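Colleague: Numbering (my numbering), first residue to last: 402 to 530. We treat Cβ as the ideally placed atom computed from N, Cα and C, and that holds for glycine. It should be emphasised that the depicted structure is a prediction, and the values quoted were computed from it without experimental measurement.
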């Protein structure tokens with residue numbers, strides 16, 4: 402029986418799953434794009450349900466492909482957008498609002514204020530970070 406590894410790449414504009422052999426050679430790639438929303442100038446959002454739906458679809462695609470190749474998936478890894486933020490209701494499991502994407506600029510002024518405070522702290526304590 403063949404053995405495979407799967408990588409899920411949940412990116413800014415699409416979700417992708419890649420089926421690798423144990424030597425690291427890509428055997429099959431499934432990718433699905435999802436919509437970006439721009440409700441105001443500088444705002445960038447995604448629908449969390451759409452992200453999840455595309456991840457499930459690409460993962461199912463590579464699972465089906467591995468079975469057709471008479472193989473077994475040994476492990477799955479994931480990489481994602483990291484700074485994109487989603488709030489979930491812990492009772493319902495549903496998202497509270499769209500995902501705020503890392504490219505979003507709505508908190509730019511607030512971040513500038515924090516950076517100024519950091520510089521003041523650095524000057525007072527002498528720490529370099």
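(1) Would you call the region 446 to 453 in contact with the region 419 to 436, where contact means no fewer than 3 C-beta pairs closer than 8 Å?
(2) Answer yes if the region 439 to 447 comes into contact with the region 402 to 412, meaning at least three C-beta pairs across the two stretches below 8 Å, and no otherwise.
(3) Between the alpha carbons of residue 504 and residue 482, how many angstroms are there, rounded?
(4) May I have a chain-ordered list of the beta strand (DSSP E) segments no shorter than 3 residues that lie completely inside the region 471 to 511?
(5) What residue range is occupied by the uninterrupted beta strand (DSSP E) comprising residue 404?
(6) How far does the alpha helix (DSSP H) with residue 467 in it extend, from its first residue to its last?
(7) Check for me: the beta strand (DSSP E) holding residue 420 runs from which residue to which?
(8) Can you give me the Cβ contacts of residue 466 inside the same chain, cut-off strictly under 7 Å, excluding the 5 residues immediately before and after it?
(9) Exposed or buried, residue 508, counting other C-beta atoms within 10 Å across all chains shown (16 or more means buried)?
(10) Figure out for me which residue from 447, 463, 491 and 417 has the closest Cα to the Cα of residue 498.
Modeller: Quick look at the numbers:
(1) Contact between the region 446 to 453 and the region 419 to 436 is present, with at least three C-beta pairs closer than 8 Å.
(2) no
(3) Taking the first residue of the chain shown as position 1, residue 504 is located at position 103. Taking the first residue of the chain shown as position 1, residue 482 is located at position 81. Roughly 10 Å separates the two Cα atoms.
(4) 472 to 480
(5) Against the chain shown, residue 404 aligns to sequence position 3. Per DSSP, residue 404 belongs to the beta strand (DSSP E) from 403 to 411.
(6) Residue numbering aside, residue 467 sits at position 66 when the chain shown is read from its first letter. Here the alpha helix (DSSP H) through residue 467 covers 449 to 469.
(7) Position 19 of the chain shown holds residue 420. Start and end: 415 to 422.
(8) What you label residue 466 is simply residue 65 of the chain shown in a count that begins at 1. Once the five neighbours on either side are set aside, the close Cβ partners of residue 466 are 420 and 429.
(9) Here the question's residue 508 lines up with position 107 in the chain shown. Under this definition residue 508 is an exposed residue.
(10) Here residue 498 corresponds to residue number 97 of the chain shown, with the count starting at 1. Answer by Cα proximity: 447.
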